[in-house]
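Okay, structure first, notes after.
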Amino acid sequence: MARMKFLCDAERCIECNGCVTACKNENEVPWGVNRRRVVTINDGVVGAEKSISVACMHCSDAPCMAVCPVDCFYKTDDGVVLHDKDLCIGCGYCFYACPFGAPQFPQAGAFGLRGKMDKCTFCAGGPEADRSETEFRKYGRNRLSEGKLPACAEMCSTKALLGGDGDVIADIYRERVLRRGKGSEVWGWGTAYGPAPRPGAQPPAPQGGKS
Amino acid sequence: MRALVSLAVISALLALAGCGEREQVTEFKRGKYQGKPDTPAWDNAPLTYESGKWTKGDRTSWETQIKTRQLGQHEHKRIYQ
Chain C
1 MARMKFLCDA ERCIECNGCV TACKNENEVP WGVNRRRVVT INDGVVGAEK SISVACMHCS
61 DAPCMAVCPV DCFYKTDDGV VLHDKDLCIG CGYCFYACPF GAPQFPQAGA FGLRGKMDKC
121 TFCAGGPEAD RSETEFRKYG RNRLSEGKLP ACAEMCSTKA LLGGDGDVIA DIYRERVLRR
181 GKGSEVWGWG TAYGPAPRPG AQPPAPQGGK S
Chain B
212 MRALVSLAVI SALLALAGCG EREQVTEFKR GKYQGKPDTP AWDNAPLTYE SGKWTKGDRT
272 SWETQIKTRQ LGQHEHKRIY Q
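The listed protein sequences correspond, in order, to chains C and B.
Each residue of the first sequence is one higher than the last, beginning at 1 in my numbering.
Each residue of the second sequence is one higher than the last, beginning at 212 in my numbering.
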């Protein structure tokens with residue numbers, strides 16, 4: 001069983017925003033809604049600038065699903081987190097719960113009234129008849145039902161953004177990193193908690209005063 | 212007389228039916244999806260003008276198609292092999 005995920009390689013992303021454009025075009029996303037965006041840190045600092053493309057990460061234990069008061073979220077067999085817009089009340093709880101800022105709310109009225117939530121669907125549409133006009137209008141294109149991957153990942157010019165089964169794209173990324181001449185230091189314990197301490201080394205002295 | 216009684220009973224039933232109330236809200240249960248059921252992606256036939264090849268309703272063949280597509284993102288395999 002596939003677990004659909006996105007993986008963005010920060011070493012490759014050139015902040016071209018091709019993924020953002022591909023998403024907006026493919027799903028005809030309205031103004032003011034960005035299902036995907038590119039985040040850059042250290043912008044302009046030579047050698048330290050890194051970009052990453054962010055959208056709904058289709059979490060295995062999605063917090064948006066947990067907080068939704070009307071239970072409009074569901075997860076497909078392929079691990080894609082989707083929602084039913086007919087049930088959504090636009091409360092915004094999912095936006096507060098999401099660590100990635102994925103849920104978006106179109107302005108639905110003259111006074112800034114929030115519309116129904118919109119987010120990345122992994123190009124899997126929604127709970128309307130697949131490939132129907134209604135599904136496209138509410139959720140965008142259903143590329144998975146056409147045997148394709150999300151448009152953002154397939155359009156990525158540097159292939160920084162990978163989309164698909166978590167195991168498959170992790171293998172692609174792993175092989176890529178090994179070809180760059182890096183090895184086990186980019187995985188596992190060392191990555192998560194820093195390099196192993198040298199024998200006899202003292203813990204670093206606390207710095208500063210109150211935190 | 213019987214017809215009159217029957218008419219009165221039917222009228223009373225109709226009047227009472229108007230007082231009945233249907234459930235106005237969905238029953239909220241934690242972790243239960245309340246919306247419409249969705250069709251799985253693999254339960255669709257491939258588009259005629261596309262290159263995808265799988266059998267409608269056969270999940271394994273659809274997953275094979277998607278995996279081929281995923282490996283298309285691997286330029287080391289796509290270009291050099």
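Note that CB positions come from ideal geometry on N, CA and C, so glycine has one too.
- Shown in chain order are the members of the stretch 138-152 of chain C whose Cβ falls below 8 Å from a Cβ of chain B: Asn-142, Leu-144, Ser-145, Glu-146, Gly-147, Lys-148 and Leu-149.
- With contacts defined by Cβ atoms closer than 8 Å, Gln-284/B and Leu-162/C form a contacting pair.
- Ala-124/C is not a Cβ neighbour of Val-177/C, given a cutoff of 8 Å.
- Taking Met-155/C as reference, the option from Cys-19/C, Lys-116/C and Gly-112/C with the minimal CA-CA separation is Cys-19/C.
- Selection Thr-121/C, Pro-106/C and Ala-110/C evaluated against Lys-5/C yields Thr-121/C as nearest (Cα-Cα).
- The beta-bridge partner set that DSSP reports for Ser-53/C consists of Val-38/C.
- The residue from Asn-142/C, Thr-158/C and Arg-131/C with its alpha-carbon nearest to that of Cys-23/C is Asn-142/C.
- Each of Tyr-74/C, Ala-10/C and Glu-133/C was checked against the Cα of Ala-48/C, and the nearest Cα belongs to Ala-10/C.
- Beta-bridge partners of Asp-165/C (DSSP): Met-4/C.
- Of Glu-175/C, Arg-131/C and Ala-62/C, the smallest CA-CA separation from Asp-249/B is found for Arg-131/C.
- Residue state for Asn-25/C is assigned as helix, using DSSP reduced to three classes.
- Interface annotation, Asp-249/B: in contact with chain C, CB-CB separation under 8 Å.
- Arg-12/C places its beta carbon less than 8 Å from that of Thr-158/C.
- The beta carbon of Asp-165/C falls within 8 Å of a beta carbon belonging to chain B, placing the residue at that interface.
- Cβ contact annotation for Cys-8/C (same chain, cutoff 8 Å, sequence separation greater than five): Ile-52, Ser-53, Val-54, Ala-160, Leu-161 and Leu-162, in chain order.
- In terms of Cα proximity to Thr-271/B, the closest of Cys-94/C, Arg-180/C and Gly-147/C is Gly-147/C.
- Taking a cut-off of 8 Å on C-beta distances, the stretch 101-121 of chain C does not touch the stretch 273-287 of chain B, as fewer than three cross pairs fall below it.
- Asp-167/C and Lys-267/B have their C-alpha atoms some 25 Å from each other.
- With a threshold of 8 Å between beta carbons, Leu-215/B makes no contact with chain C.
- In this model, Arg-280/B and Ala-151/C are separated by some 12 Å (Cα to Cα).
- Below the 7 Å Cβ cutoff, chain C contributes no neighbours of Leu-218/B, its closest Cβ being approximately 43 Å away.
- Per the C-alpha coordinates, the member of Asp-86/C, Asp-61/C, Ala-62/C and Asp-77/C positioned closest to Val-70/C is Asp-86/C.
- Against chain C, the beta carbon of Gly-268/B has no neighbour under 9 Å; the closest one sits roughly 12 Å away.
- Within chain C, the residues placing a beta-carbon under 8 Å from that of Tyr-244/B are Asp-71, Cys-72, Phe-73, Tyr-74 and Asp-84, ordered along the chain.
- Residues Ala-2, Arg-3 and Met-4 of the same chain have their beta carbon placed closer than 7 Å to that of Asp-165/C, with the five preceding and five following residues left out of the count.
- Counting the other Cβ atoms within 10 Å of the Cβ of Ser-145/C gives 16 or more, which makes it buried.
- For Leu-82/C, the enclosing beta strand (DSSP E) starts and ends at 81-83.
- Shown here for Pro-63/C: same chain residues with a beta carbon closer than 6 Å to its own, the five before and five after excluded, namely Ala-97 in chain order.
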